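Engineer: Which chain is which? The protein sequence lines are A and B, in order. In this text, residue positions in the first sequence follow our numbering: the first is 1105, and each later residue adds one. In this text, residue positions in the second sequence follow our numbering: the first is 553, and each later residue adds one. Shown below is the structure under consideration.
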Amino acid sequence: NAGVTQTPKFQVLKTGQSMTLQCAQDMNHEYMSWYRQDPGMGLRLIHYSVGAGITDQGEVPNGYNVSRSTTEDFPLRLLSAAPSQTSVYFCASRWDRRQETQYFGPGTRLLVL
Amino acid sequence: GNSVTQMEGPVTLSEEAFLTINCTYTATGYPSLFWYVQYPGEGLQLLLKATKADDKGSNKGFEATYRKETTSFHLEKGSVQVSDSAVYFCALSSKGGGSNYKLTFGKGTLLTVNP
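Dropping the structure here:
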């Protein structure tokens, strides 16, 4: 199993550009999440999904969209990037909402100029 | 709402020193508690967990005990190694109550172990 994979590893954007951060898992996990990690802030939940076709907002959802058309994939979209979205983004998955051990991807480092 | 407070770093120790990283929490109900570790350039990995009061989680020489009376889950290791240098995150997961079992993380503590 590849586990949780994320692409790209690093991206530079200009303010106002759009992009999609990809996340995929091959463990047939129902529950997937997106976090951002900023210095001194820990990890903050952006959006999450408890299964295909179901998504919900986390702690810091503004400026981000998600969809979950398949069990495997959970892309995160930035429609109009802002410098405040410069961060490291982590995708995570687990079997279902009650299975509490979460598996993290390697992260995407995003710089918005 | 739920929250996790852990000691601010950075923490710098010499090899074979004793490690304690404090973690306290606020949550409704009876959460599960976790320590995650992030090595440089990598994602987070689960280090240990405890799901009910007085449970002790342990892994790789690290231990933490779920103390409901003090709402704490302090991480300890008797003798650290250079390879333990990483960022450590305390986290909790609330069960039910509409929380959808979301994880709440502390801000992280950077540990550096010198030879």
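C-beta atoms are modelled at their ideal positions from N, C-alpha and C, and glycine is treated no differently. Here the structure is a predicted model, which means the values were calculated and not measured.
Among residues of its own chain, excluding the 5 on either side of Ser-1179/A, which ones have a beta-carbon nearer than 8 Å to its beta-carbon?
Structural biologist: For clarity, residue 1179/A is Pro in the given sequence; the question names Ser instead. The answer, listed in chain order, is Thr-1124, Leu-1125, Gln-1126, Cys-1127, Val-1170, Ser-1171.
Engineer: Mark Val-634/B as exposed unless 16 or more other C-beta atoms lie within 10 angstroms of its C-beta, in which case mark it buried.
Structural biologist: Answer is exposed; the Cβ neighbour count stays below 16.
Engineer: From Asp-636/B to Tyr-653/B, what does the alpha carbon distance come to, in whole angstroms?
Structural biologist: Their Cα atoms are separated by approximately 29 Å.
Engineer: Show which residues of chain B have a CB atom less than 7 Å away from the CB atom of Met-1145/A.
Structural biologist: The answer, in chain order, is Lys-659.
Engineer: When the cut-off is 9 Å and only beta carbons count, does Phe-570/B lie next to chain A?
Structural biologist: Chain A contact via Cβ: absent.
Engineer: Per DSSP, Leu-1196/A is paired with what?
Structural biologist: Here residue 1196/A turns out to be Ala, not Leu, going by the sequence shown. According to DSSP, Ala-1196/A bridges with Ser-1137/A, Phe-1208/A.
Engineer: Using only alpha-carbon positions, find the residue among Thr-1174/A, Pro-1165/A, Gln-1189/A that is nearest to Gly-1157/A.
Structural biologist: Comparing Cα-Cα distances from Gly-1157/A to each of Thr-1174/A, Pro-1165/A, Gln-1189/A, the minimum goes to Thr-1174/A.
Engineer: Could you tell me whether the region 555–573 of chain B touches the region 1197–1214 of chain A, using the rule of 3 or more Cβ pairs below 8 Å?
Structural biologist: The region 555–573 of chain B, when compared against the region 1197–1214 of chain A, does not touch it at the 8 Å Cβ threshold.
Engineer: If you run the structure through DSSP and keep just helix, strand and coil, what is Ser-1122/A?
Structural biologist: Coil.
Engineer: Check this for me: beta carbons of Cys-642/B and Val-563/B, under 9 Å apart or not?
Structural biologist: No, Cβ-Cβ distance for Cys-642/B and Val-563/B is not below 9 Å.
Engineer: In the region 560–615 of chain B, which residue ranges form an unbroken beta strand (DSSP E) of at least 3 residues, counting only runs that do not cross its ends?
Structural biologist: Listed in chain order, they are 563–566, 571–573, 575–578, 584–590, 596–602, 608–611.
Engineer: Hey, is Gly-1211/A's beta-carbon within less than 9 Å of any beta-carbon in chain B?
Structural biologist: True, the Cβ-Cβ gap to chain B drops below 9 Å.
Engineer: How would you list, in chain order, the residues of chain A whose beta-carbon sits under 9 Å from the beta-carbon of Ser-610/B?
Structural biologist: None at all; the shortest Cβ gap to chain A is about 15 Å.
Engineer: So Leu-1147/A is in the beta strand (DSSP E); what residue range does that whole segment cover?
Structural biologist: Taken as a continuous stretch (DSSP letters only), the beta strand (DSSP E) holding Leu-1147/A covers 1146–1155.
Engineer: Whose Cβ in chain A lies nearer than 7 Å to the Cβ of Ser-555/B?
Structural biologist: Near Ser-555/B there are no residues of chain A at all, since even the closest Cβ is about 11 Å away, more than 7 Å.
Engineer: From Lys-612/B, Pro-667/B, Thr-580/B, pick the residue whose C-alpha is nearest to that of Trp-587/B; which is it?
Structural biologist: If we check each option's Cα against that of Trp-587/B, Lys-612/B comes out closest.
Engineer: Quick check on Tyr-653/B - is its C-beta less than 9 Å from some C-beta in chain A?
Structural biologist: True, the Cβ-Cβ gap to chain A drops below 9 Å.
Engineer: Return no unless some Cβ of chain A is closer than 9 Å to the Cβ of Thr-580/B.
Structural biologist: Thr-580/B does not count as touching chain A.
Engineer: Output the boundary residues of the beta strand (DSSP E) element that contains Val-1108/A.
Structural biologist: Here the beta strand (DSSP E) through Val-1108/A covers 1108–1111.
Engineer: Is the number of C-beta pairs between the region 571–582 of chain B and the region 621–633 of chain B that are closer than 8 Å three or more?
Structural biologist: Cβ pair count under 8 Å is three or more, so yes.
Engineer: Taking Lys-629/B as part of the beta strand (DSSP E), name the residues at either end of that continuous run.
Structural biologist: It spans 627–629 - the beta strand (DSSP E) in which Lys-629/B sits, taken as one unbroken run.
Engineer: So the beta strand (DSSP E) Arg-1181/A belongs to, where does it begin and stop?
Structural biologist: That run of the beta strand (DSSP E) goes 1180–1182.
Engineer: So with CB distances below 8 Å, who are the chain A contacts of Ser-584/B?
Structural biologist: The answer, in chain order, is Glu-1204.
Engineer: Counting only C-beta atoms, is Arg-1172/A closer than 9 Å to chain B at any point?
Structural biologist: Closer than 9 Å: no.
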